[in-house]
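Okay, structure first, notes after.
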Amino acid sequence: MNLRSIATLSWLGTQEWIRLKFFNIVVFMSVLFLGFSYLLSTLTFAVQERLLFDFGLAGLEIGLLFISAMIGSYAIQREIDRKTLFVLLVRPIPRWHIVAGAFGAIIILSFIFTLGFSVSLLLASGHWSFVNHLIIIVLSSFFKSLVISGFALAMGLLVRPILSLGMTFCYWFLCYSVPDIEFFVKKLNSENLDRAVKILDVVTPQFYRFNWKAFYFIENSPQVSEIAWVIFYCIGWSSLWLFVAALIFRRKEIV
Amino acid sequence: MKILEVIHLKKSFRSDFYKPAQQVLKDISFSVEKGQFVGFIGPNGAGKTTTLKCALEFIFPDSGEVRFFDEKFALHHRQKIGFLPERPFFQEFLTGIEFLNLHWSLSQQPAENFKNRSMEVLEQVKLTHAKDKKLKDYSKGMLQRIGIAQALITEPELLIFDEPMSGLDPDGRILIKQILLGLKEQKKTILMSSHLLEDVEELCSQIIIVHAGQIVYSGPLAEFTKNFKTLEAAYRQFKIDLNMEINT
Numbered sequence: 001m002n003l004r005s006i007a008t009l010s011w012l013g014t015q016e017w018i019r020l021k022f023f024n025i026v027v028f029m030s031v032l033f034l035g036f037s038y039l040l041s042t043l044t045f046a047v048q049e050r051l052l053f054d055f056g057l058a059g060l061e062i063g064l065l066f067i068s069a070m071i072g073s074y075a076i077q078r079e080i081d082r083k084t085l086f087v088l089l090v091r092p093i094p095r096w097h098i099v100a101g102a103f104g105a106i107i108i109l110s111f112i113f114t115l116g117f118s119v120s121l122l123l124a125s126g127h128w129s130f131v132n133h134l135i136i137i138v139l140s141s142f143f144k145s146l147v148i149s150g151f152a153l154a155m156g157l158l159v160r161p162i163l164s165l166g167m168t169f170c171y172w173f174l175c176y177s178v179p180d181i182e183f184f185v186k187k188l189n190s191e192n193l194d195r196a197v198k199i200l201d202v203v204t205p206q207f208y209r210f211n212w213k214a215f216y217f218i219e220n221s222p223q224v225s226e227i228a229w230v231i232f233y234c235i236g237w238s239s240l241w242l243f244v245a246a247l248i249f250r251r252k253e254i255v
Numbered sequence: 001m002k003i004l005e006v007i008h009l010k011k012s013f014r015s016d017f018y019k020p021a022q023q024v025l026k027d028i029s030f031s032v033e034k035g036q037f038v039g040f041i042g043p044n045g046a047g048k049t050t051t052l053k054c055a056l057e058f059i060f061p062d063s064g065e066v067r068f069f070d071e072k073f074a075l076h077h078r079q080k081i082g083f084l085p086e087r088p089f090f091q092e093f094l095t096g097i098e099f100l101n102l103h104w105s106l107s108q109q110p111a112e113n114f115k116n117r118s119m120e121v122l123e124q125v126k127l128t129h130a131k132d133k134k135l136k137d138y139s140k141g142m143l144q145r146i147g148i149a150q151a152l153i154t155e156p157e158l159l160i161f162d163e164p165m166s167g168l169d170p171d172g173r174i175l176i177k178q179i180l181l182g183l184k185e186q187k188k189t190i191l192m193s194s195h196l197l198e199d200v201e202e203l204c205s206q207i208i209i210v211h212a213g214q215i216v217y218s219g220p221l222a223e224f225t226k227n228f229k230t231l232e233a234a235y236r237q238f239k240i241d242l243n244m245e246i247n248t
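Chains as they are written, first to last, in the working numbering: chain W, 1 to 255; chain Y, 1 to 248.
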C-alpha cells in the first residue's frame, strides 16, 4: 500500500491552515496567555513557577483543543464546499487517505504548537531541569488532542462544521466531567441514571484519569506505566474515531 | 474497445429528509469507445454533471453500473482517467508547478519523471510562463488551462471535461478549443459535457443528448446533423420533435 499520498495531503492541509492564519491566531492567543501567566507569577508571593505552569499548561491544552476542534470540523467539509475535493478524489487514492491526510495536518500543526509552547514555557520559567517532566505532561495533552481531532473529523463529516465544532467542545468537557456527573447522579439515588453514567464513563475517553496539566506533576512525574497507558489509550481512541470518520467518508456523496 | 460504459444508471436526490426523493437520472445508458471525442449535451438540470459524478463515484447511483475499460470501476482505473470539473476551484496558495506536482504525487507517478512531463503539459496548455505564479493570481482562463494540465499530466486514456468552456471570454474559449483540438488530433478518448453547441459541433465526432434524466440520442454527430446546416438547427428541430412525441 502506497502511503505517500497521505503525507502529500497532510502537508497540503498544513499549508492551507497556515495560510488561513487560523493557526497564527491560536499561536498569538497562546503567547498572550503565556504572557499573562508570566505576569501573574511575577506578582505572586507564592511559588512563582506554580502559577506559570498551572496557567501555561492549561493554555496549551486549550490551544490544542481549538486546533483539533476547528481543523477537524472544517478540514474536509471546507474542501467539499469549495469544490477543491473533486480533483483530489479522481486520483487513484482510497477515500480514507483524504481523512488520514486531514488528520496528519492536525498532527503536524499540533506538534509545532506544542513544541513552540513548551519551549516558551521553559524559557519563561527559566527552569530547564523541568524539561523531562514537562515533555511527559505536554505529550499527554498532545495525545488527548489527537482523540479530540478524530472525533471532530468524524462529526465534521456527519453534520455541518459549526455543529461539529460545538459537539467537539461538549465532548471535550464530557471527557473530563464524568466523575462530576456521577457525583450529582449519586445524590439523586436513581439506579437508571447511575447505570447511564457508568455506560457514559465507558464510551467516552477518561481524560480525568490523566489530567496532568498542573505544576504538581512537573514536580512529581507520573510513572512510566501510566505514561505508556496514556499513549496507548489515546492512540486507541483516536484510531477508533478515525475509523468511524473513514467509514462515514467512504459513502459520503460529494455533490 | 469500450473505455466507458454506463448501464441503466438511476439516481434520486432528497432535498430534505421529509420530502419525497426526486429522480434526477431516470435511466442513463451510453458508452464511449476508444479514440472517440464525445459531446455530452443537454439543458441545465438535465443530469449531465450528475451522470459524470456517478461515473466517477463522487456520488453513488441508486441502481445501474459504470464500467471502465470493460471492467467494473475500481481504484486502479483512476490512473487512466483525467478529470476537469465544472468551474474548477483549486488550492490557490500553490503555484502552477506545485499544483501539478501535487497531482503527479497523488497519482503515484515516479518523482524523477515529473520535470519533463510537467514542462510538456505546461507547454501544451501554454502556461510555461506562469508556472511559478500562485493560482490565486491566475485568470479564469488560466485556471481552466491549469485544470486541463492536471487532467493531462498522467497521460490518461480517458479525459472527462465538465463544461470546460463555460464562463470564459472569447480569447479563453479559443485557447481551450485549440488545446482540445490538439487532443483530438492525438486520438485521445474524451467525454466533454457542454451546452455550447457550436463548440461541440467543432470538436466532437459523437454526441449524447440527455433530457430530463434520460438519454434521448446517442450516436455520430454527422448522422444527427445530416439534414441541417448546424448542430443548433438540428438540436432545435430534435427538441420540437421530442415535445410532439411527448404530447401525442
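Ideal placement from N, C-alpha and C gives every residue a C-beta, glycine not left out. Quick caveat, the model's predicted, so the values are computed rather than measured.
Below 7 angstroms CB to CB, which residues in the same chain sit around residue i once its five sequence neighbours on both sides are set aside?
i, result
"Y/L84", "G147, I148, A151, F161, D162, P164"
"W/S30", "G59, G63, F117"
"W/A152", "S68, A69, G72, S73, S164, T168"
"W/T44", "L51"
"W/P222", "I136, W212"
"W/I231", "F143"
Tell me, which residues are paired with residue i by DSSP?
i, result
"Y/K134", "Y/T95"
"Y/Q206", "Y/V38, Y/P220"
"Y/E71", "Y/F68"
"Y/S269", "Any answer about residue 269 of chain Y is impossible in this case: the structure gives chain Y only from 1 up to 248."
"Y/I7", "Y/E65"
"Y/H77", "Y/H77 is not bridged to any residue."
"Y/I215", "Y/V210"
"Y/K2", "Y/E33"
"Y/I28", "Y/L9"
If I follow the unbroken alpha helix (DSSP H) through residue i, where does it start and stop?
i, result
"Y/F83", "Run containing Y/F83: none in the alpha helix (DSSP H); it sits in the beta strand (DSSP E), 81-84."
"W/F243", "224-250"
"Y/P170", "170-185"
"W/K144", "131-158"
"Y/E250", "Since the displayed chain Y opens at 1 and closes at 248, residue 250 of chain Y lies outside it and no answer follows."
"Y/Q108", "Y/Q108 -> no alpha helix (DSSP H), and no H or E assigned at all."
"W/F183", "161-188"
"Y/L152", "140-152"
"W/K266", "Because chain W here runs from 1 to 255, residue 266 of chain W falls outside it and cannot be looked at."
"W/L9", "4-19"
"W/F66", "48-81"
"W/N24", "22-43"
"W/R95", "95-125"
Along the chain, where does the beta strand (DSSP E) that runs through residue i open and close?
i, result
"Y/K193", "At residue 193 of chain Y the sequence reads Ser, which differs from the Lys that was named. Counting along the chain, the beta strand (DSSP E) containing Y/S193 begins and ends at 189-194."
"Y/D162", "158-162"
Nearer than 7 angstroms: is that true of the beta carbon of residue i relative to any heavy atom of the ligand FAD?
i, result
"Y/K53", "Among the components modelled here there is no ligand, and therefore nothing to report on the ligand FAD."
For residue i, I'd like the list of residues in its chain whose CB is within less than 6 angstroms of its CB, leaving aside the five on either flank, ordered along the chain.
i, result
"W/R95", "F249, R250"
"W/R19", "none"
"W/A105", "S10, G13, T14"
"W/L174", "T204"
"W/W241", "G150, F151, A154"
"Y/I246", "Model confidence at Y/I246 stands at a pLDDT of 41, short of 50, so the residue's coordinates are unreliable; what they give is reported in the following sentence. The answer is none, since no qualifying residue turns up."
Does the Cβ-Cβ distance between residue i and residue j come in under 8 angstroms?
i, j, result
"Y/T154", "Y/S194", "no"
"W/Y171", "W/F207", "no"
"Y/K48", "Y/G39", "no"
"Y/V6", "Y/F37", "no"
"W/E49", "W/F215", "yes"
"Y/R145", "Y/I174", "no"
"Y/G96", "Y/L127", "yes"
"W/G156", "W/A75", "yes"
"Y/L9", "Y/L25", "yes"
"Y/R78", "W/V90", "yes"
"W/I254", "W/F86", "yes"
Quick one: list the residues of chain Y neighbouring residue i, beta-carbon separation under 7 angstroms, in chain order.
i, result
"W/T8", "L102, S105, L106"
"W/R251", "F60"
Name, please, each residue of chain Y whose Cβ falls closer than 8 angstroms to the Cβ of residue i.
i, result
"W/I25", "Ordered by position in chain Y, no residue passes the 8 angstroms Cβ test against W/I25, which lies about 17 angstroms from the chain."
"W/I254", "K53, F58, I59"
"W/K83", "P85, R87, P88, F89"
"W/R78", "Residues of chain Y passing the Cβ test: none, with the nearest at roughly 11 angstroms."
Can you name, in chain order, every residue of its own chain whose Cβ lies under 8 angstroms from the Cβ of residue i, other than the five neighbours on each side?
i, result
"Y/L143", "P88, F90, L135"
"Y/L197", "I41, T230, L231, E232, Y235"
I want to verify the contact list: residues of chain Y whose CB lies under 9 angstroms from the CB of residue i, in sequence order.
i, result
"W/Q15", "Q91, F93, L94"
"W/P94", "L75"
"W/N2", "Q108"
"W/R160", "Correct list: empty, because the minimum Cβ distance to chain Y is about 14 angstroms."
"W/L12", "Q91, L94, L102"
"W/R195", "Chain Y residues near W/R195: none, gap ~32 angstroms exceeds 9 angstroms."
Taking residue i as the query, report the chain W residues whose CB atoms sit under 8 angstroms from its CB, ordered along the chain.
i, result
"Y/I81", "V90"
What does residue i reach in chain W if we use C-beta pairs closer than 9 angstroms?
i, result
"Y/Q150", "V87"
Give the interface partners of residue i over in chain W, defined as CB-CB distance under 7 angstroms, in chain order.
i, result
"Y/R78", "V90, R91, P92"
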